[in-house]
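**Student:** Residue numbers (the working numbering): 16 to 194.
All C-beta atoms in this analysis are idealised placements derived from N, C-alpha and C, irrespective of residue type, glycine included.
Please read all numbers here as calculations on a predicted model, not as lab measurements.
This is the structure I want to talk about, given as structure tokens.
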């Protein structure tokens, strides 16, 4: 677009350039910039229409346009295509997820209160469940439901808070086994 086109009829707006769904997203970001107390550029990662019609990801840097009297006139921005960076990140996440899910060791993530966030296949089998999903649906308190000695869970949490867990062993209760 030429400078004349950008400044004619009150300037170019996102609504004049982009489809509604993109224009709305950009308007929200612009309002955040205008309402910010900082004059430093604000950085956003946004979905953006790419040449060829597909969606990609851009990192945009937006700043307020101020008048001589320090009034906000609008927002100006520049963006860079980060679609390939995002694809690399997604590929890495997929690799790590597959390593987690298919590890021959039991691996999990849990909340401090004892709820599983994520469990791999091996741990599910070790604990007597058919799948990680079944573990997540069934177990709401690891210490009470799976530790033969619930105080072992407290010892484990204390070791984590110290920043190091080494050679920690505990006796677990397999699902469906009597306590």
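Taking only the alpha-carbon atoms, compute the straight-line gap between residue 109 and residue 172 and give it to the nearest angstrom.
**Tutor:** Each residue's Cα considered, the two are about 29 Å apart.
**Student:** Tell me which residues share the same chain as residue 96 and place their Cβ nearer than 7 Å to its Cβ, disregarding the 5 neighbours each side in the sequence.
**Tutor:** The answer, listed in chain order, is 71, 73.
**Student:** Tell me, which residues are paired with residue 97 by DSSP?
**Tutor:** BP columns for residue 97 are empty, so no partner.
**Student:** Tell me whether residue 144 is buried or exposed, calling it buried when 16 or more other Cβ atoms sit within 10 Å of its Cβ.
**Tutor:** Residue 144 comes out buried.
**Student:** Go through its chain and collect everything with a Cβ distance to residue 116's Cβ below 7 Å, but skip five positions before and after it.
**Tutor:** Here the set comprises 135, 136.
**Student:** Under the assumption that residue 161 contacts residue 122 (Cβ atoms under 8 Å), give the Cβ distance between them as a whole number of angstroms.
**Tutor:** Going by Cβ atoms, the distance from residue 161 to residue 122 rounds to 15 Å, so no, they are not a contact pair.
**Student:** What residue range does the alpha helix (DSSP H) around residue 140 cover?
**Tutor:** 136-141 is the extent of the alpha helix (DSSP H) around residue 140.
**Student:** Quick one: which unbroken alpha helix (DSSP H) runs of 4-plus residues sit fully inside the stretch 28-55? Chain order, please.
**Tutor:** Complete alpha helix (DSSP H) runs here, min 4: 29-32, 35-50.
**Student:** By alpha-carbon positions, which one of 52, 61, 44 ends up nearest to residue 101?
**Tutor:** Comparing Cα-Cα distances from residue 101 to each of 52, 61, 44, the minimum goes to 61.
**Student:** With a threshold of 16 other CB atoms inside 10 Å of the CB of residue 1, please say whether the residue is buried or exposed.
**Tutor:** Outside the modelled stretch of the chain, which goes from 16 to 194, sits residue 1, for which no answer is possible.
**Student:** For residue 153 and residue 142, I'd like the C-alpha separation in whole angstroms.
**Tutor:** Between residue 153 and residue 142, the C-alpha separation is close to 12 Å.
**Student:** Which residues share a DSSP beta bridge with residue 83?
**Tutor:** In the DSSP output, where bridge partners are listed per residue, residue 83 has none listed.
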